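Here is the structure:
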């Protein structure tokens with residue numbers, strides 16, 4: 001696992017981008033990104049398959065939320081299967097943003113808090129809309145009382161462009177700072 005730590009996002013991503021470029025082969029890439037007390041893990045997997053096996057790809061960024069939060073949510077791709085699920089009673093809340101509401105199935109335990117978290121930030125909204133095939137969750141790791149809460153972005157595509165990865169990182173880092181501000185974190 002690669003570990004990168006920096007005081008600023010720009011410095012952190014200079015190091016990550018240089019490493020990704022040097023590494024070249026991102027078939028199984030894992031890095032821990034540390035900035036202002038927040039820790040985020042980046043995992044990229046590419047399996048080309050072979051023979052009768054189909055390949056797969058995925059990108060995952062996950063961060064432990066330092067302070068437990070009562071807010072939980074999940075955003076995932078709105079497709080025909082999920083449309084069928086809605087017809088069968090699956091819950092899909094509306095945030096009041098036509099683009100986000102059309103792009104994602106949204107579940108949450110606090111619609112007002114999720115609106116306040118996502119809607120005011122135009123850059124965050126645009127990042128989400130560019131990655132409509134993603135799944136973004138803020139949820140406990142298990143159903144056990146006191147389970148750690150994680151903010152997780154997953155996509156069934158290998159994002160290998162450092163600029164695109166940084167855009168996703170920035171969105172998650174922005175959300176983390178809003179969800180669980182740390183007293184010593186810089187802006």
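In this note's numbering, the protein residues as written are 1 to 187. Glycine included, C-beta positions come from ideal geometry on N, C-alpha and C. Quick caveat, the model's predicted, so the values are computed rather than measured.
C-alpha distance - residue i paired with residue j, whole-angstrom precision
| i | j | result |
| --- | --- | --- |
| residue 124 | residue 118 | 7 angstroms |
| residue 182 | residue 131 | 28 angstroms |
| residue 1 | residue 143 | 28 angstroms |
| residue 44 | residue 26 | 7 angstroms |
| residue 159 | residue 99 | 23 angstroms |
| residue 8 | residue 29 | 22 angstroms |
| residue 32 | residue 129 | 25 angstroms |
Residues that DSSP places opposite residue i in a beta bridge
| i | result |
| --- | --- |
| residue 41 | 32 and 62 |
| residue 57 | 46 |
DSSP state of residue i mapped onto helix, strand, coil
| i | result |
| --- | --- |
| residue 18 | helix |
| residue 108 | strand |
| residue 132 | coil |
| residue 183 | coil |
| residue 137 | strand |
| residue 144 | coil |
| residue 120 | coil |
| residue 93 | coil |
Element boundaries [beta strand (DSSP E), containing residue i]
| i | result |
| --- | --- |
| residue 75 | 73-77 |
| residue 149 | 149-155 |
| residue 5 | 2-6 |
8 angstroms CB neighbourhood of residue i in its chain, flanking five on each side removed
| i | result |
| --- | --- |
| residue 71 | 108, 109, 110, 113, 114, 117, 138 and 179 |
| residue 148 | 64, 65, 140 and 141 |
Own chain partners of residue i with C-beta closer than 6 angstroms, once the 5 adjacent residues on each side are dropped
| i | result |
| --- | --- |
| residue 16 | 4 |
| residue 62 | 41, 150 and 152 |
| residue 135 | 76 and 154 |
| residue 34 | 5 |
Same chain, Cβ closer than 7 angstroms to residue i, neighbours up to 5 away in sequence not counted
| i | result |
| --- | --- |
| residue 19 | 2 |
Endpoints, the alpha helix (DSSP H) within which residue i is located
| i | result |
| --- | --- |
| residue 100 | 98-103 |
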